[in-house]
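Student: The structure is given below, and queries will be raised subsequently.
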Amino acid sequence: MRSQYKNIARVVKPHGRKGEVLAQPLRGLPSVLEPGMRVALTPPALKRDRFCTVVSVTDTGDGDLVSFEGIDDLTAAEGITGCYVLANRDDFELDSLDAAYTDLMGREVVDERFGSLGTIVEIMSTPANDVWVVEGDRYGEVLIPVIERVVLDLPDAGTISVHVMDGLIDMDK
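Residue numbers for the sequence shown follow numbering that gives the first Met the number 0, so the first one is 0 and each next one is one higher.
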């Protein structure tokens, strides 16, 4: 069976002259980067290895200062700025929030007044809360804020019940 890799962080900027970079976890999740972890940097580049090993990780509160094997100077660090860090799913534990993200994709969303809105096709992270992008035939794209007064029932599997606030559905469709 092929390894499954998951985006876990994004390299935001270089830090210092010794190749350290600031990496931020994706979707507001906690960092799972650990020394010794073998990761892939995407997109790949011709002048560096696609895979590298994490040498050190220091939490800064604004992300992690990370050193990668083979990224030893400022120029190399600049070369991976903007890259995504992917790790083998077997190398870290999925917390419940991350597992929930994966489990939500494709789930049907039903409003108590409007009926079926469609299925979740994307989850956007905002500073305030996540937003589900729901697409369906009847209403097109509907953005559902993931807040307590909107999401009524979120079972482990099956249909998700919501109460869409006025103005979130384009009734002209």
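Built from N, CA and C at the ideal position, the CB exists for glycine as well. The model shown is predicted, which means the values in this text are computed figures rather than measured ones.
Taking the C-alpha atoms as reference points, what is the distance between D58 and G114?
Tutor: The residue labelled residue 58 in the question sits at position 59 within the sequence shown. The residue labelled residue 114 in the question sits at position 115 within the sequence shown. Going by the C-alpha atoms only, they are around 45 Å apart.
Student: Could you tell me the alpha carbon to alpha carbon distance between S95 and G81, rounded to whole angstroms?
Tutor: Residue 95 sits at position 96 when you count from the first residue of the sequence shown. Residue 81 sits at position 82 when you count from the first residue of the sequence shown. With a pLDDT of 45 at S95, under the threshold of 50, the predicted position of this residue should be treated as unreliable, though the coordinate-derived value follows. Using only the alpha carbons, I get a separation of about 27 Å.
Student: Only counting the same chain, and skipping five residues up and downstream in sequence, which positions put a Cβ closer than 6 Å to that of D72?
Tutor: The residue given as residue 72 occupies position 73 in the sequence shown. If we look at D72 and ignore the five residues flanking it on each side, its Cβ neighbours are G18.
Student: With a threshold of 6 Å on Cβ separation, who are the neighbours of E134 within its own chain once the five nearest residues in sequence on each side are excluded?
Tutor: The sequence position of residue 134 within the sequence shown is 135, counting from 1. The answer, listed in chain order, is G117, V120 and E140.
Student: Does the Cβ of G15 have 16 or more other Cβ atoms within 10 Å, making it buried, or fewer, making it exposed?
Tutor: One-based indexing of the sequence shown puts residue 15 at position 16. G15 comes out exposed.
Student: Using the three-state DSSP reduction, which class does I176 fall into: helix, strand or coil?
Tutor: The requested residue 176 is not part of the displayed model; the chain covers only 0 to 172.
Student: For K12, which residues in the same chain have their Cβ closer than 8 Å to its Cβ, ignoring the five residues on either side in sequence?
Tutor: If you number the sequence shown from 1, residue 12 lands on position 13. Same-chain partners within the cutoff: V20, L21 and T80.
Student: May I ask which residues mark the beginning and end of the beta strand (DSSP E) holding N6?
Tutor: Here residue 6 refers to the residue found at position 7 when the sequence shown is read from its first residue. It spans Y4 to H14 - the beta strand (DSSP E) in which N6 sits, taken as one unbroken run.
Student: I need the DSSP call for A156, collapsed to helix, strand or coil.
Tutor: As a position in the sequence shown, residue 156 is number 157, starting the count at 1. If DSSP states are grouped into helix, strand and coil, A156 belongs with coil.
Student: Taking the continuous beta strand (DSSP E) assigned at I143, which residues delimit it?
Tutor: Locating residue 143 in the sequence shown gives position 144, where the first residue counts as 1. G139 to P144 is the extent of the beta strand (DSSP E) around I143.
Student: Return the chain-ordered list of same chain residues with a C-beta closer than 7 Å to the C-beta of E77, the five sequence neighbours on each side being excluded.
Tutor: As a first step, residue 77 is located in the sequence shown; it is residue number 78 there, counting from the start. Here the set comprises P13.
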